[in-house]
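Number of protein chains: 2
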Amino acid sequence: MNFKIDQQRLNRELDTLASFSADPAPAVTRVVFSEQDLAARAWIKERFREAGLTMRDDAVGNTFARWAGANPDLPAVGTGSHIDAIPHAGKFDGTVGVLGSLEAIRALQAAGFKPRRSIELVLFTAEEPTRFGIGCLGSRVISGSLTPAADVQLREASAGPEGHGQTLESVRKSAGFTGSLDSALLPQNYFSAFIELHIEQGSILESEGVSVGLVSDIAAPAAFHIVIEGEGGHAGARLMPGRKDALCAAAEIILAVERSVLATGATDTVGTVGICQVHPGAMNSIPSRVQLSLDLRDTDAARRDAALEQIHNACGEIASRRRVAIKLETINADAPAQSSPEIVKALKEACDAEAVSYRTMVSRAYHDTLFMARLAPVAMMFIPCKGGVSHRPDEYSSPEQIHQGVKVLARVLAGLSAI
Amino acid sequence: MNFKIDQQRLNRELDTLASFSADPAPAVTRVVFSEQDLAARAWIKERFREAGLTMRDDAVGNTFARWAGANPDLPAVGTGSHIDAIPHAGKFDGTVGVLGSLEAIRALQAAGFKPRRSIELVLFTAEEPTRFGIGCLGSRVISGSLTPAADVQLREASAGPEGHGQTLESVRKSAGFTGSLDSALLPQNYFSAFIELHIEQGSILESEGVSVGLVSDIAAPAAFHIVIEGEGGHAGARLMPGRKDALCAAAEIILAVERSVLATGATDTVGTVGICQVHPGAMNSIPSRVQLSLDLRDTDAARRDAALEQIHNACGEIASRRRVAIKLETINADAPAQSSPEIVKALKEACDAEAVSYRTMVSRAYHDTLFMARLAPVAMMFIPCKGGVSHRPDEYSSPEQIHQGVKVLARVLAGLSAI
Numbered sequence: 001m002n003f004k005i006d007q008q009r010l011n012r013e014l015d016t017l018a019s020f021s022a023d024p025a026p027a028v029t030r031v032v033f034s035e036q037d038l039a040a041r042a043w044i045k046e047r048f049r050e051a052g053l054t055m056r057d058d059a060v061g062n063t064f065a066r067w068a069g070a071n072p073d074l075p076a077v078g079t080g081s082h083i084d085a086i087p088h089a090g091k092f093d094g095t096v097g098v099l100g101s102l103e104a105i106r107a108l109q110a111a112g113f114k115p116r117r118s119i120e121l122v123l124f125t126a127e128e129p130t131r132f133g134i135g136c137l138g139s140r141v142i143s144g145s146l147t148p149a150a151d152v153q154l155r156e157a158s159a160g161p162e163g164h165g166q167t168l169e170s171v172r173k174s175a176g177f178t179g180s181l182d183s184a185l186l187p188q189n190y191f192s193a194f195i196e197l198h199i200e201q202g203s204i205l206e207s208e209g210v211s212v213g214l215v216s217d218i219a220a221p222a223a224f225h226i227v228i229e230g231e232g233g234h235a236g237a238r239l240m241p242g243r244k245d246a247l248c249a250a251a252e253i254i255l256a257v258e259r260s261v262l263a264t265g266a267t268d269t270v271g272t273v274g275i276c277q278v279h280p281g282a283m284n285s286i287p288s289r290v291q292l293s294l295d296l297r298d299t300d301a302a303r304r305d306a307a308l309e310q311i312h313n314a315c316g317e318i319a320s321r322r323r324v325a326i327k328l329e330t331i332n333a334d335a336p337a338q339s340s341p342e343i344v345k346a347l348k349e350a351c352d353a354e355a356v357s358y359r360t361m362v363s364r365a366y367h368d369t370l371f372m373a374r375l376a377p378v379a380m381m382f383i384p385c386k387g388g389v390s391h392r393p394d395e396y397s398s399p400e401q402i403h404q405g406v407k408v409l410a411r412v413l414a415g416l417s418a419i
Numbered sequence: 420m421n422f423k424i425d426q427q428r429l430n431r432e433l434d435t436l437a438s439f440s441a442d443p444a445p446a447v448t449r450v451v452f453s454e455q456d457l458a459a460r461a462w463i464k465e466r467f468r469e470a471g472l473t474m475r476d477d478a479v480g481n482t483f484a485r486w487a488g489a490n491p492d493l494p495a496v497g498t499g500s501h502i503d504a505i506p507h508a509g510k511f512d513g514t515v516g517v518l519g520s521l522e523a524i525r526a527l528q529a530a531g532f533k534p535r536r537s538i539e540l541v542l543f544t545a546e547e548p549t550r551f552g553i554g555c556l557g558s559r560v561i562s563g564s565l566t567p568a569a570d571v572q573l574r575e576a577s578a579g580p581e582g583h584g585q586t587l588e589s590v591r592k593s594a595g596f597t598g599s600l601d602s603a604l605l606p607q608n609y610f611s612a613f614i615e616l617h618i619e620q621g622s623i624l625e626s627e628g629v630s631v632g633l634v635s636d637i638a639a640p641a642a643f644h645i646v647i648e649g650e651g652g653h654a655g656a657r658l659m660p661g662r663k664d665a666l667c668a669a670a671e672i673i674l675a676v677e678r679s680v681l682a683t684g685a686t687d688t689v690g691t692v693g694i695c696q697v698h699p700g701a702m703n704s705i706p707s708r709v710q711l712s713l714d715l716r717d718t719d720a721a722r723r724d725a726a727l728e729q730i731h732n733a734c735g736e737i738a739s740r741r742r743v744a745i746k747l748e749t750i751n752a753d754a755p756a757q758s759s760p761e762i763v764k765a766l767k768e769a770c771d772a773e774a775v776s777y778r779t780m781v782s783r784a785y786h787d788t789l790f791m792a793r794l795a796p797v798a799m800m801f802i803p804c805k806g807g808v809s810h811r812p813d814e815y816s817s818p819e820q821i822h823q824g825v826k827v828l829a830r831v832l833a834g835l836s837a838i
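Sequences listed follow chains L and H, in order.
Our numbering applies: residue 1 is where the first sequence begins, and numbers increase by one.
Our numbering applies: residue 420 is where the second sequence begins, and numbers increase by one.
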């Protein structure tokens, strides 16, 4: 079968999508359910509509855009990704998987291809944890990975250590996504296969000069809040020996995270403290309370848990030595996922057919496919991004690199939808 | 001379002043030139007016309330303090010195005392560095300790590492304080003496059961910004060895500050990192930039500079080892001040006359008197505060403790204004 990816159209659409941003270009800031996110969704749905796709939104704001197959009752072939972006991020993370899938579908349509199974493009809600403190919200919900109570319990994380943000319940309803989260749960036979195209967010493909990475495993991510309660006071008058400075304790924890992660000796273990909120946060006031975030990932759940255990022990030691209270609260600690060998085989064949170089690799980043693996056989394909840079305004994949990925995706969607 | 402090009125006025707050009680948040600060100033000026004091405001917003003496051309006896409060502070820091001075004046008036020299109560603008990043703004300006260019250069600090706040120029003019800052400069013979009553913000007086602390030296404070520029990226995909995590570097600096301060071996050396702003500040993003504040104080300027030198060296080592850029910028590094032995002697005699116990001590906190010492002979008197706690909602001095301080202040103002 011959088909042609309209790369220029795809480039234009990636540029347009990037313009829906709360920060000026080249930064992209598009927090889920923000004004910019809702405007971007409206624009992208117009593109789905132009392509003749049938759409529905679920209660958490996932959008499903379906190209009906000749046998629409068969489980569909799924593809897609997310369009939300953390503050000061770039324009390729997630978006390549959404607009690339759309372009793949349009290329197959233009080539006269008629799928037997339906092909369904999923735009996932809140892959980024920015707003609600938990990643992959949309895919968690449809795969039954959130308890129903989460609907009520989840709140915006951005209100900081003191205030309380709005609930997910209230925010999603204000954005127009109503109904109970239970209604969004998908049955196990909904998809026959799910494939996500994404930028690598690492530098392996670029450094090896390989066009496509076929993901064998998705690393097991875990997220935590660490709250340190010390004692405040005046920065001049309270002498050093009597202090219980919460930020000094936090500094030791930040370094203990780094040390514990390096101590596993495995390159697959990564740990990051990305948030450090200090109360009261004044130049002449001793910090009385600090809230840290901790993001810990590994391809091996046991090894990740061992690193966490070390961090936990360090917190205990620091709390006792510095006479502060330290609370480590788990936000989520998910199990790793494996790709389906059959889909990976189909991807390899598609790469060969399109003369695109590939290698198998591990995904260290968090992706919706991690949760889709609980619903269906899955695989992910990566394309290179410059310098491995992601979540920054200078995130970049070239039109050529995107093109290689999208044409392999189109071919594999055609193949999987025909069987 | 017999006079009587109306402690109940003073208690009520302290309570009323505390109600001008941007945060609910018991917290007091009253940032200079905020709505709450301006309302508090209006209320307090009404009290000055009731006491028959003649008022003027200067270009930076200091208020001078004068009880004219029999010989009004003689240099006046000055007293006073500040009413601005950092976020989530308490109700006694500064306010005891302002309302206590007012009560002392009213007590002397009621007793029929007629001063020879005028007694002038000063309400200083922005003793706290919250808004403009520099403490003792009002006393710096009137003592010529700010270059005239500062009027144009000073900006709000609260806009964070990226944005720019409003200029002092614009904020003070919006608040109604116009004219050039030069016009606020006071001549050397304006005051014959200046005395500030303040809570100790430490626990020495309380633990020793002493009613009044007579300050011999005010510690030399210095303030700095430290900006760390590393490299951001995705918390999952960027492996540990390639990272230039700005927050890990910041953590080492925070601990180096603590270590360098402890290394002087002197209890008089204190150092605090009170602000830690992380960019971009997302759970799954490696921190690319961190801004820290550093507050460093000592009674010995040379020893303070030696600690700073150690911190500076640590920053250099950390920058080189972690391959990040670290910039240490001085906001201010002021010289210490000594009290006038004559005024301290007068204070001791007043304590003896009122049967109030006292000891001499060092002021470790920053006070407007530090800058008033450049204009006139000065002294400070401290009263105990519970547990040494200050800059917190639970800051507390009892009515009895305040009463002891105010009656000594009244007696010494009477004495100094008679000579």
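Quick reminder that beta carbons are idealized off the backbone N, C-alpha and C, glycines included.
Close Cβ partners of residue 235(L) (< 8 Å) along its chain, the five nearest in sequence each way excluded: In chain order, 283, 284, 285 and 286 place their CB closer than 8 Å to the CB of residue 235(L), counting only its own chain and leaving out the 5 sequence neighbours on each side.
Contact list for the stretch 806-836 of chain H against chain L, Cβ threshold 7 Å: Contact annotation: in the stretch 806-836 of chain H, residues whose CB is within less than 7 Å of a CB in chain L are 807, 808, 809, 810 and 811.
Through-space distance from residue 76(L) to residue 457(L), alpha-carbon basis: Since the displayed chain L opens at 1 and closes at 419, residue 457(L) lies outside it and no answer follows.
Amino acids of chain H, ordered along the chain, whose beta-carbon sits closer than 9 Å to that of residue 82(L): Result: empty, since nearest Cβ-Cβ is about 13 Å, beyond 9 Å.
Cutoff 9 Å: residue 506(H) Cβ touching any chain L Cβ: Taking 9 Å as the threshold, the shortest C-beta distance from residue 506(H) to chain L falls below it.
Whole-Å CB distance - residue 594(H) paired with residue 452(H), under 8 Å assumed: Yes, they are in contact, since the Cβ atoms of residue 594(H) and residue 452(H) sit about 4 Å apart, within 8 Å.
Own chain partners of residue 336(L) with C-beta closer than 7 Å, once the 5 adjacent residues on each side are dropped: Hits under 7 Å: 217, 218, 219, 220, 299 and 301.
Assigned secondary structure, residue 737(H) (DSSP; H/G/I helix, E/B strand, else coil): Residue 737(H) falls in the helix class under three-state DSSP.
Separation of residue 105(L) from residue 415(L), as counted between CA atoms: Going from the Cα of residue 415(L) to the Cα of residue 105(L) covers about 13 Å.
Residue ranges of each alpha helix (DSSP H) within the stretch 351-391 of chain L, 4 or longer: Runs found: 369-372.
Straight-line Cα distance separating residue 78(L) from residue 661(H): Each residue's Cα considered, the two are about 35 Å apart.
Whole-angstrom C-beta distance between residue 388(L) and residue 202(L), which should lie under 8 Å: Between residue 388(L) and residue 202(L) the Cβ distance is about 5 Å, and since that is below 8 Å, they are a contact.
is_contact[residue 615(H), chain L] using C-beta, thresh 9 Å: No Cβ of chain L is located within less than 9 Å of the beta carbon of residue 615(H).
Exposure of residue 599(H), with buried meaning 16 or more beta-carbon neighbours within 10 Å: When all chains shown are included, residue 599(H) counts as exposed.
Straight-line gap, residue 20(L) to residue 455(H) (C-alpha atoms, nearest Å): One alpha carbon belongs to residue 20(L), the other to residue 455(H), and they sit about 38 Å apart.
Close Cβ partners of residue 157(L) (< 8 Å) along its chain, the five nearest in sequence each way excluded: Once the five neighbours on either side are set aside, the close Cβ partners of residue 157(L) are 129, 130, 131, 132, 133 and 165.
Three-state secondary structure assigned by DSSP to residue 437(H): Helix, per DSSP.
CB contact check: residue 838(H) to chain L, cutoff 9 Å: No, residue 838(H) does not count as interfacial toward chain L.
Host beta strand (DSSP E) of residue 298(L) (start-end): Unbroken beta strand (DSSP E) run through residue 298(L): 289-298.
Reduced DSSP secondary structure (H/G/I, E/B, other) of residue 629(H): DSSP places residue 629(H) in coil when its eight states are reduced to three.
Span separating the alpha-carbon of residue 405(L) from that of residue 504(H): Roughly 58 Å between the two C-alpha positions.
Cβ of residue 275(L) within 9 Å of any chain H Cβ: Yes, residue 275(L) lies at the interface with chain H (some Cβ there is under 9 Å from its Cβ).
Contact with chain L by residue 800(H), beta-carbon distance below 9 Å: With its beta carbon at least 9 Å from every one in chain L, residue 800(H) lies outside the interface.
8 Å contact criterion, which residue 461(H) and residue 474(H) should meet: CB distance rounded: With 8 Å as the limit, residue 461(H) and residue 474(H) do not qualify as a contact, their Cβ atoms being about 12 Å apart.
Residue-chain proximity (residue 391(H), chain L), Cβ-Cβ < 9 Å: Since the first residue shown for chain H is 420 and the last is 838, residue 391(H) is missing from the structure and cannot be characterised.
Chain H contacts from the stretch 229-260 of chain L (Cβ-Cβ distance under 9 Å): When CB distances to chain H are screened at a threshold of 9 Å, the residues of the stretch 229-260 of chain L falling below it are 231, 232, 233, 234, 235, 236, 237, 238, 239, 240, 241, 242, 243, 245, 247, 248, 250, 251, 252, 253, 254, 255, 257 and 258, in chain order.
Interface flag, residue 705(H) vs chain L, CB-CB below 9 Å: Taking a beta-carbon distance threshold of 9 Å, residue 705(H) counts as an interface residue toward chain L.
Where the alpha helix (DSSP H) containing residue 558(H) begins and where it ends: First-last of the alpha helix (DSSP H) with residue 558(H): 556-561.
Those residues which DSSP pairs with residue 839(H) across a bridge: Residue coverage of chain H in this structure runs from 420 to 838, which leaves residue 839(H) outside it and unanswerable.
Reduced DSSP category for residue 62(L) - H, G, I as helix; E, B as strand; rest coil: Residue 62(L) falls in the coil class under three-state DSSP.
Proximity below 9 Å, CB of residue 812(H) to CB of residue 563(H): Taking a C-beta distance under 9 Å as the contact criterion, residue 812(H) and residue 563(H) do not qualify as a contact pair.
Buried versus exposed call for residue 683(H) [16 or more other C-beta atoms within 10 Å across all chains shown]: For residue 683(H), the number of other beta carbons within 10 angstroms of its own is at least 16, and it is reported as buried.
Rounded C-alpha distance that separates residue 426(L) from residue 177(L): Residue 426(L) cannot be examined here, being either before or after the span of chain L that is shown, 1 to 419.
Three-state secondary structure assigned by DSSP to residue 751(H): Strand at residue 751(H).
The alpha helix (DSSP H) enclosing residue 401(L), as first and last residue numbers: From DSSP, the alpha helix (DSSP H) with residue 401(L) extends over 399-418.
CA-to-CA distance, residue 447(H) to residue 384(L), given in whole angstroms: Annotation: residue 384(L) to residue 447(H) spans about 53 Å, alpha carbon to alpha carbon.
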